[in-house]
Amino acid sequence: MRAKYVLSEVMVGLWRNVTMSIAMIITMAVSLTMLGASGLMYMQVNKMKDFYYDKIEVSIWLSTDATAEQRTSLESSLKADPLVASVIYENREQAYNKFKSMFQDAPDFISAVKPDQLPESFRVKLKDPEQYDAIFNKYKNTEGIDEIIDQRRLLEKIFNILGSVQQMALVAASVMAVAALLLVGNTIQVAAYSKRREVAVMKLVGASNWFIQAPFVLEAVAAGLMGAILGFGALVLAKVLLLDGPLRDLTELLTPLEWGDVLIMFPLMAGAGALVSALTAWVTLRFYLRV
2 MRAKYVLSEV
12 MVGLWRNVTM
22 SIAMIITMAV
32 SLTMLGASGL
42 MYMQVNKMKD
52 FYYDKIEVSI
62 WLSTDATAEQ
72 RTSLESSLKA
82 DPLVASVIYE
92 NREQAYNKFK
102 SMFQDAPDFI
112 SAVKPDQLPE
122 SFRVKLKDPE
132 QYDAIFNKYK
142 NTEGIDEIID
152 QRRLLEKIFN
162 ILGSVQQMAL
172 VAASVMAVAA
182 LLLVGNTIQV
192 AAYSKRREVA
202 VMKLVGASNW
212 FIQAPFVLEA
222 VAAGLMGAIL
232 GFGALVLAKV
242 LLLDGPLRDL
252 TELLTPLEWG
262 DVLIMFPLMA
272 GAGALVSALT
282 AWVTLRFYLR
292 V
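Residues in the sequence shown are numbered consecutively from 2, following our numbering.
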């Protein structure tokens, strides 16, 4: 009987202040959507780092006047180096063929470059990509080397941009969360004030505080869960209509977003929405209204 009464009061409370309830649900949905999106972006950036850092190489370009002895000596040193996983030598002809493949849509650019203008090089894969500085310091003064390039440095610029976007999404989600909390607190205050006579009677007849507060707290929890459902629906639509549609080529380049990652966001969003709403309602009732 008590559970039935509490649930009925939750539905009545949501309907009594329907406009504020809708505003609370929508605000919660927006904040949880942005929270889920920032969480997915955080996971994707980490996946991209693991994916690309595992494939990046250190390019050692040889000078145009490097001798065969210098090249052979350098190759032997690299293959014997404990920091190096593999070494691939690329001559001028191979470099030119790769160059033509990369810029096949720009024939004028290709015709302006001759095979002998491209340097010989070694493509070195490290056992630990973080050890680039050790490799650089060890070989930077070796005869026959013109330049040492770490591909990881180029990728870090992209990851820094993605990290900035991630932080912006998290900040926006935090701002919307604050707005949602204020709206939840205000809605609970209005709901409690509209039922002040009923609350007074219940206290006179000996009703416990948790029994009086339960409908208000559950009302906030219900709004939080509805907001989480709407927010999760927005993430699903974004994946289906955008990431799997017009932005498909871009997501394949940046590692695809898996459905498992999207689905794991729902319990997190629902838990965050319900918990934050419940705590906000409880604090409002406990310390402001003194119910």
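Virtual Cβ for every residue (Gly too), placed ideally from N, Cα, C.
For residue i versus residue j, is the C-beta spacing smaller than 9 Å?
i, j, result
"residue 38", "residue 180", "no"
"residue 286", "residue 162", "no"
"residue 229", "residue 29", "yes"
"residue 79", "residue 61", "yes"
"residue 36", "residue 273", "yes"
"residue 279", "residue 218", "yes"
"residue 262", "residue 45", "yes"
"residue 32", "residue 232", "yes"
"residue 89", "residue 124", "yes"
"residue 94", "residue 108", "no"
"residue 182", "residue 277", "yes"
"residue 184", "residue 49", "no"
"residue 153", "residue 140", "no"
"residue 336", "residue 170", "The structure shown does not extend to residue 336, since the chain spans only 2 to 292, so no value can be given for it."
"residue 258", "residue 240", "yes"
"residue 66", "residue 136", "no"
From which residue to which residue does the alpha helix (DSSP H) around residue i run?
i, result
"residue 241", "Unbroken run through residue 241: none, as it is neither H nor E."
"residue 77", "69-81"
"residue 268", "266-284"
Give me whichever residues DSSP pairs with residue i in a beta bridge.
i, result
"residue 61", "123 and 149"
Throw me the rounded Cβ distance for the residue i and residue j pair, which I believe falls under 8 Å.
i, j, result
"residue 151", "residue 59", "5 Å"
"residue 121", "residue 91", "7 Å"
"residue 235", "residue 34", "5 Å"
"residue 100", "residue 127", "The Cβ separation is near 24 Å, so there is no contact."
"residue 167", "residue 43", "6 Å"
"residue 226", "residue 271", "6 Å"
Exercise. Which runs of the alpha helix (DSSP H), 4 residues or longer, sit entirely within the region 86-132?
Worked result: Here the runs fully enclosed are 93-103 and 108-112.
Problem set entry | Continuous alpha helix (DSSP H) assignments of at least 4 residues falling wholly in the region 125-179 | Note on the region 125-179: whole alpha helix (DSSP H) runs with a minimum of 4 residues are 133-140, in chain order.
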